[in-house]
Structures are given as structure tokens and as C-alpha cells.
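In the working numbering, the protein residues as written are 4 to 978.
Idealized CB from N, CA, C, for every residue including glycine.
Here the structure is a predicted model, which means the values were calculated and not measured.
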Amino acid sequence: MQVYWLVGILVITVMVGTLDVAESVTLPISPLLESMTYFSIWPLLLIALVFLCLFTPRKALSSAASGRSFFDGRAFIPISFSVAARYLLVAVLASMLIIGSALQALSSYQRAQATQINESMRVQAWVTIKGISDSVYDPATNSGYRQVATLQVVSPLVSEMSGEDLDKIVTDYNDKLNVLNAVHSDKTASIEYQVLLNAYPKAADDNLESLNTLQPGAQLLLTATLAPLPSPKDATNNPSGFDSYRWLRGRHIDGMANIIAIGTPINTMNNSSISNSTDSSTSDSYLQRLRTSIDRWRWQLRQHFYQNWELQTVTEQQAKAVTLSLLTGDRSLISRDTKDLYQLAGISHLLAISGTHVLFLAIMLAGAATLLIDRVPALYRIVARWQVRWWVMIGAAFVYALFTGFDVPAARTAWMLLAIGLVRLTLLPISTMRVLLALAVLMAWIDPYVLWQAGYWLSFIAVALLLKYDDTVQKPATKATRQQRSNVVNRSSTNLIFLRLWSLFKRIVKLQFWLFIALLPITLFLFGKASLWGLIINLFAIGLFGWVIVPLNLLAGLCYLVLPAVADVIWALVSIIVNALHELIIALTSQPVLTDAWLYTPINTAILLIVLLALSPWLLPRGLLSRWLVLPPLTLLVMSVYANQQTLLTTPTLYVLPTGDQYLSATVLQYPVAKGSSNSQPLLIKDSISWLFLADHRSDDKRKIPSTLSPDKLSASLEQQLRTLSIKRLEGIVIQTSVPVLTDTLPSKQKTGDNNAALLPMTVMKMSHTFPTNYYWQAGRHERWATIKNLSQEDSSSNPSTQISAQGCIQGKTWQLANGSLVLHVLTGWSEIEDSRVWDCAIAIDSRQPIQVVQYNTADPLQSPRLTAQRFDTSLAVVDEPHQNVIHSESLQNKSLQSRIILDAATHERSWQLWSLLCKAQPFAIDPDAGYTTTWLTYNAVQSSTDAISRQRVDEIMTYDNQPLKTALTLSTDF
């Protein structure tokens, strides 16, 4: 039994490791691996079958054989096998399974690499729509269109083409498709690319609203800009930590395609000539037609829900959007705010089509089928009644799983129904947990990239925990409850009802805590955060969805096939219930006492393994391990988490945070505050001081470039990153660049909501609500800050009790710690001058301890890499003699090395030119006689001059995006 689990876990682990290594290391293309198809899993299945039979008890197989004449257990395991030979065979089979699994993963990787788009280019191509779109095109809400599609006959775009021009050459492309399918040897020309089509509203007359009418299977000619997938390293620069590369790879996407123009779509279901030209084989054609027909049913349901969409309120729209998602798994109509609400409530899993949905429909249809067949009892002489129900449930499960997109949870439920039925049919003594592990391995063999989907891990782990809970917790509790009931037979019926309700409530609470605690490590590992609201809201939300909303929704879906009017009435009732739930969640989560509902704790693979060891006494069979053995791994876990927290608190670090906008920079200084300053007294870390620095590096000619960020989005991403760094309060927030809305005449109330004008001030306001903040420094003039703050509080639910005043970030302003170990100087910024080009403020951070400058790693903040330093050679710079003071390495020996970091945010060169005329380089604030290193952190299009940098005695220059400088300076890159 243990070997079976060990081999299964090793197979999955090896496949995950193989994919990770293949993506990080350039591997040579193997024609043998590239030519492997999905049928290569059949040898693995045969090996797994023999392996399973070796671990099935011989007596059990014999007893199963006595019930089935066609099944002979002794044929599988010869009695003449010696123990040594049996173990040798097990080792050989296990090695073959593990090596074959690794080869299967490599084969999938190389097939994906063969069609990967590696460079950007403008093309015209023949497109086939696959499935339904991820979102709809809506200029009113600035919602973009995203759709998976395949590209054929891709050719470079030599000139701009309109939709009418594309319609004129459709016939030529159809002829090219026929030629390519006839000439099978031309594999390069007939290659297909699966891409993610993107289109976002740009202008009122962009003529792209017809994208919403594209049905699954439709074909059209379009022009687009192809782009490669984001690299795996881009996940580090994503503020939310979302790994878009793995998400796209898990969907077998080869590249991105930004739509330029589209032609008239063609219905392939009704156009046999084009359909035949694109089908590769008869069997594939039948399967593809079935899948396309099911996807069109889903699209028609979406269109039914989307009717008169603009005439409804936002709350009505989102209630209907959630109702549609619970029916077909289509989330295209759900807004970002609704998704955030479900994440905060900890019930995002309820939006996905899970096993509950599939089982409900399968049970409903199976019950209806058996009621009809009960009138013909003679049929049960041929097929047993449970088998009739089983076949109906399997058929319903697979059809509904296909109808919802065949995602991992729905597919897992359908396959489990089939596997458990086969186990019962053959009388094999195989537990449900072993069936679950076998299905996990099988799905990984069929598609190794499913291992990169979070739904795969959460689905299988959650089901395994439920099964384990039933075996180790629920069954003993049920026996105790029965004994308790037998002791109260003589009590009244009211007491019995109360006892049953109380017992049910305790079981629900215990199950909820069991799942929350057990899934917490994997949730933090996959998403970086977990909502504590899930403990409370799931207590009633799961029951509401499982026993009210989902059954009514499925009943309406069945009624829609025959009585659409009745279905609309039921859907209206479901929407009312969902809307009431939304209002309840908003009311709960908006309570000021419970605003800190997110749990942020960096979790890496090592901590995850320690947690697994700590839970092993509960996960393994009862009594196998003593629960006292949980103490060593639990102690190690506490020590590891504490050590990680202390690492964040004891090391002075300046983190460059990703913002999602190339022109916006965000850095946070985390500096430990020590208690005890004498040499004889050891330093004890008491707390840490944190400063947040924000800047918009758009120059005057780029001010009109719109930002895709909003204050809510930017503040939410910054909050998540600061929480993972264990930052609970901010000493100060500094906006180093001037903000026009604070200095220009405020024309109207609407201008305060403009993303470009008020993005950073509004972000400061929202950050001050979640992080207690002592100071807010603003570059430029800020007299209108109070007006904007009051207008914002009138339009939002901001906490009016939180007041923060703006102070000028002007040249000469300083701040320092009480012990003098950290000093902040403002070097530039003259708001009294009537020229906004000299308002931006640069800040020098002087520290008694060296401060490391790192690029924040969203996946693992403790492993944040250092920024690349570019050394500045002052010996080649022409500087006036009084200001030239170059540090030589010999003078730094035997002296305590101190640190100075200059945060440059100048958007115009006049700022540093004025500094060169009016100021001189300030000495080090803490100990001028001690040696120190100076780091210059700036935007890659630096506006400072070589004169200013050399006079500041700069040793190294770093950029916020870790890219080389665009300005020619006397530099040498230090790798």
C-alpha cells in the first residue's frame, strides 16, 4: 500500500520537476520525443495495471473471481513468485513508470515548443474560434475581448487592411487551406498556432463590437499583431504574483494576438467546404463537431443572459453573471469587483463548476431515469438497477463536464464516477483514495501541463481531505452520536430535533475548520494570501450554494430546453438570492473592526513539506503514527516561520516593488530599529521603520499616455506586497513627482477621478486607511489636497476618521530616527519657483548599516534578487576641482562601511541643473569621516547629468526596472 502511494506521488513530482527544468534549461529538440502522441500513455497504463495487480491481495482477487467467471485473480500473480523476484519486478515497473512519465512530460514540452511564437510581427491569418470567450468587448466598462483561437495560413501584413478588404480575399485563403491539406509533406506551411486573441476599446469607431457575435467554430480572416508569451521571469514583475506564462501554457497557448481588423465570420457548421478543408481526420472531426456544438449551446445561453444588459443596474448584472457562471462555468460577464468580493469572502471556489454541480445534475437525471424504468421492471432482469443509475450518471456527468468546458474539477468528478463504478462492477478491493490518486496520475499523463493549473491541486487535495475526514473524524463521531441518541430515547421529540441540529452544526463547523487549516498551506503557496473571512462565510455560503442556488440553477437549465419562460422565472429567483448574498457579504466585510481579513505569509516548498510532515499523523491511516510525532515538525515549522519574519525585520532593505505600469515606480524601505546602542550591550531588534516612495516618471511629452491602473488596483497590489513583508504601519509615504491635479485649477469634480491626474494621491489616501501613516510628503504644490480628499470621501465609502495631511517635499527637508542611525534628506524640489519642471524631489537615504537594494520577488520575497549595479567611473568625468572627491578603496579599510542611497525621480533635466547651480553635495549625515558607498537609484531614462552624479560621489547606479540606462554615462555594468 505504501509503495503504491510512494510511486504515485513520485510520478507526479517527477513530471512537475521535468517541466520546470525543461522551461529553465534549453534542451535540444528530440525528433523521437516530438513525434510522440497522446497514445504513448497506453504503455504507461499497461505497466500501471500490472503494478496495481501486484499490490492487490491474492485472496481479494480470488473472491472477486468467484463472483465473476471471466475474472481469474491467480492469472495475474503467479504463486511461484519469490519475494525477491516480486520486489525486483516492482522496482523495475516503478522505474519504468517514473521514467515514462518524465518522457511524457518532455514530449508535451517539445510539442509546445514546436509551435511557440518567438517574435512579434504584424500578420494576416485565417482564424478558427475555439470555445467561448473569456470576456466580452464592452467600451462602456472598458472591458476587453479575450478568446482562444487557432491561426492558419499566417503571412506578414504588408499594408493596413480594413474589414472590407479582408472579405475580398476570403476565397483565396480557402483555396490555400485546401492546398495545404492536400499536400501533407508541407508541414511548415500547414502549422497551426493556438493563440489568445485580445482586443481592448481604443476609440468609439473601432468597429470591433462584432467580436461578441463570434460563435464557437466560426472562421474569419483578420489582421493582428502576434507577440510571444510572457517569459517565466515576468511573474516576478507582476504585482499580484500571477504567473501568466504558466496560466497560458496550461491552456496550450502558443502566443498572443492583438486584433487590428476583422472580416466577416463564416459559420463552419453550415459551410461544408470550409469545414472539410480544416478537419484533419474523420474521428477528430466528429469529436470536434460535438465539442463545438456544446460550446455553441453555452454561447447561446450567454447571449440569453446578455440581453438588455446595458438597461440593468450593476447589481442586477452581476447577480445574473454569477448565475450564468454557476450554470455553465462562463465567467465572462463577471466584473473585477465581483471577483475581488468573492476572493475577500473566501468563496471564489464556489464560482467554479465543481463536483457538487456535476453530482447534482447526475443524481437528478439518474433519479428521473429510474422512475421511468421502474414501470418496466423486466429490464432489470438484464441490467441491475444500480447499473442503470450508474450509466445515466456517467453520461450526464461527462456531458455536463463538456458543457462547462471540461475543467479539472468537473472532469475529475466524471472520471471518478466511471472508475468507482468499474471498481464495484469488478468487485476489486480498491479504496476510493487509491482511485483518486490513479486519476490524478492519469490526468497528468494525458496533459502534463495540467500540473501548472491551481485547480488541479486544489481539486484533488480537497477531495482527498474530505475522504480522509470521513475516515478519521466523521465515522468515529457518527458512532458517538448514535450512542448519545440511544441514551436519550425517552426524551421529547423537541430535544431530539435540537440534538440533531446541534450535532449537524458541530459537524459543519468541524469540517470547515478541517478544510481551512489543511488547505491553508497550499493556498498560501499558490496564491500568496488567504482570506480569513472564509472561515465564517463558508459556513452558510456552501450550504446556500449547494442546496439552494445550484439545484435551482440546474433545474432552470433543464427547463430552458422545453419551457424557456419557466426557466427565466427560476433564474430571476436565483438572481435575487445571489444579489442578497452579495449585499450580505459587502455588509460583513465592510466592518471597520474586521478590515484586516487577509493572511499574508511567504510559503516556499520547504515550509510546505514541513506542513505535510506535521499533518502526516492525520493523513496516514489511523494509528499508524502517533500524534505526538507532530511536535518535531511543528516546532521546526514555527522556528522556520519565525526565522523568515526575523530575516525581514533584521536586514535593512530597499525593495523595488512591481506596479504593473512601466512609468510608475514604488519602493519601500524597511529599516530595523535596535534597542541598545552601547558596544557592550547586544542589539535587540524591537521594530522596523518603513517608508514608501512613489513616483510617476512620465515626462512632459508622455503625460497624455493613459495608465491602465486605478487607485483601487494600485493600492490593493501595494497592500499585498507590504503585508507579505510583515509591514503593518508606515512611517511615511512620499510622492516624489508633482501631480497636476494638486497644482492646477480644479475644473470639476470629475477630474479628481482621472487615473493620470489623481492616481498617486488617491493611492496614498487608500493606503493610509489600511496602514497607519505618520507623514505624507508631496512633491510640488499640494494646496488642493484637502479639496480632493473631501470630494473622494463623498463619493466613496472611505473612512472619514482617517486624516492625513500633505507636507511639501522640498529641498532641504529632513527626517531622522531618534538614535540617528537613519536620515532622509530631500536634495531637489523647489515648489516656490513658477516652473513645474523643478518641483520633483530626489531623496538621499543615509544609513549607519548597509542597505541592500533588491527587486521584490512576488513568489518568494525572501529570495528577492539584488538589482544589477552599473559602476560609475568618476575618474573619466570632467568636474570642477572643489567638487571632485573620489573614494579610493584603500581609504575604506578599517572603517565602518556606511550607506547612502539617492532616489532620483526627476522627469526633466532642469531639476538637477538647478541643483548644480544652487547647491553642493552634502556630507554624510551620520559620520562624515567614515567611508561610505553611494548608490543612485533612478529611472532608465535618467534626467540627471554626469556632473551631478559625480559630485554626489556615486559608486554605482541602479534602475527601477533593472534595465541598462538609456542615457550615455561613463558606466560599466557589474554583474
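Using the rule of at least 16 other Cβ atoms within 10 Å of the residue's Cβ for burial, across every protein chain shown, is GLY20 buried or exposed?
-> exposed
Consult DSSP for ASP664 and reduce its assignment to one of helix, strand or coil.
-> coil
Sequence-distant residues of its chain with Cβ nearer than 8 Å to ARG252 (five each side left out) | ALA115, LEU232, TYR452 and TRP455
Could you check which residue in HIS255, THR16 and ASP141 has the C-alpha nearest to that of THR118?
-> HIS255
Cα-Cα separation between LEU632 and SER619, rounded to whole angstroms | 9 Å
Check GLN119 in the structure and name its three-state DSSP category.
-> coil
Distance between beta carbons of ILE854 and THR656, contact taken as under 8 Å = 7 Å
Count the other CB atoms, across all protein chains shown, that sit within 10 Å of the CB of GLY134; report buried if there are 16 or more and exposed otherwise.
-> buried
C-alpha distance - ASP137 paired with ILE337, whole-angstrom precision | 10 Å
In chain order, which continuous runs of the alpha helix (DSSP H) of length 4 or greater are located wholly inside the segment 488-537?
-> 496-530
Going by DSSP, which residues form a beta bridge with ILE269?
-> GLN222
Look at the alpha carbon of ALA355 and the alpha carbon of VAL841, and state the distance between them as a whole number of angstroms.
-> 53 Å
Using 10 angstroms around the beta-carbon of TYR289, count the other beta-carbons present and answer buried if the total reaches 16, otherwise exposed.
-> exposed
At least 3 beta-carbon pairs within less than 8 Å: the segment 417-430 vs the segment 209-222 | no
Got a sec? Which residues, its chain only, sit under 6 Å from VAL569 by beta carbon, not counting five neighbours each side?
-> CYS562
Would you call ARG249 buried or exposed, if buried means 16 or more other Cβ atoms sit within 10 Å of its Cβ?
-> buried
Tell me the DSSP bridge mates of HIS828?
-> THR817 and ALA847
Residues in its own chain within less than 8 Å of GLY458 by CB, not counting five upstream and five downstream?
-> ALA355, ASP410, VAL411 and PRO412
Chain-order list of residues whose beta-carbon lies under 7 Å from that of ALA25 (same chain, five-residue window excluded) | LEU109 and TYR112
Keeping to the same chain, check which residues put their C-beta closer than 8 Å to that of TRP833; ignore five residues upstream and five downstream.
-> ILE813, GLN814, VAL841, TRP842 and LEU917
Can you tell me the Cα-Cα spacing of TRP8 and MET99, whole angstroms?
-> 16 Å
Among the residues of its own chain, which have a CB less than 7 Å from the CB of LEU223, if the five just before and after it don't count?
-> VAL130, ILE265, GLY266, THR267, PRO268 and ILE269
Which of helix, strand or coil DSSP assigns to ILE433 | coil
Alpha carbon to alpha carbon, what distance is there between PRO635 and LEU667?
-> 46 Å
DSSP state of GLU167 mapped onto helix, strand, coil | helix
Since GLU959 sits in a beta bridge, which residues does DSSP pair it with?
-> ARG874 and THR938
Please determine if the segment 530-546 and the segment 578-592 are in contact, where contact requires at least 3 C-beta pairs separated by less than 8 Å.
-> yes
So, helix, strand or coil for ASN777, using DSSP?
-> strand
Does the Cβ-Cβ distance between SER691 and LEU652 come in under 8 Å?
-> yes
Would you kindly work out how many angstroms separate the C-alpha atoms of ALA821 and THR776, rounded to a whole number?
-> 18 Å
Would SER578 pass as a contact of LYS323 if the rule is Cβ separation under 8 Å?
-> yes
Cut-off 6 Å between Cβ atoms - residues of its own chain near VAL906, not counting five sequence neighbours on either side = The residue asked about is misnamed: residue 906 is Leu in this sequence, not Val. Excluding residues within five positions, the ones whose Cβ falls inside 6 Å are PHE696, ILE846 and LEU940.
Can you tell which of ARG787, LYS792 and TYR779 has its C-alpha closest to the C-alpha of TRP818?
-> TYR779
Do you know offhand how far LEU470's Cα is from LEU518's?
-> 11 Å
Between which two residues does the beta strand (DSSP E) harbouring TRP460 extend?
-> First-last for TRP460: 457-472, but that is the alpha helix (DSSP H), not the beta strand (DSSP E).
Among LEU721, ARG903 and ALA381, which residue has its Cα nearest to the Cα of ILE736?
-> LEU721
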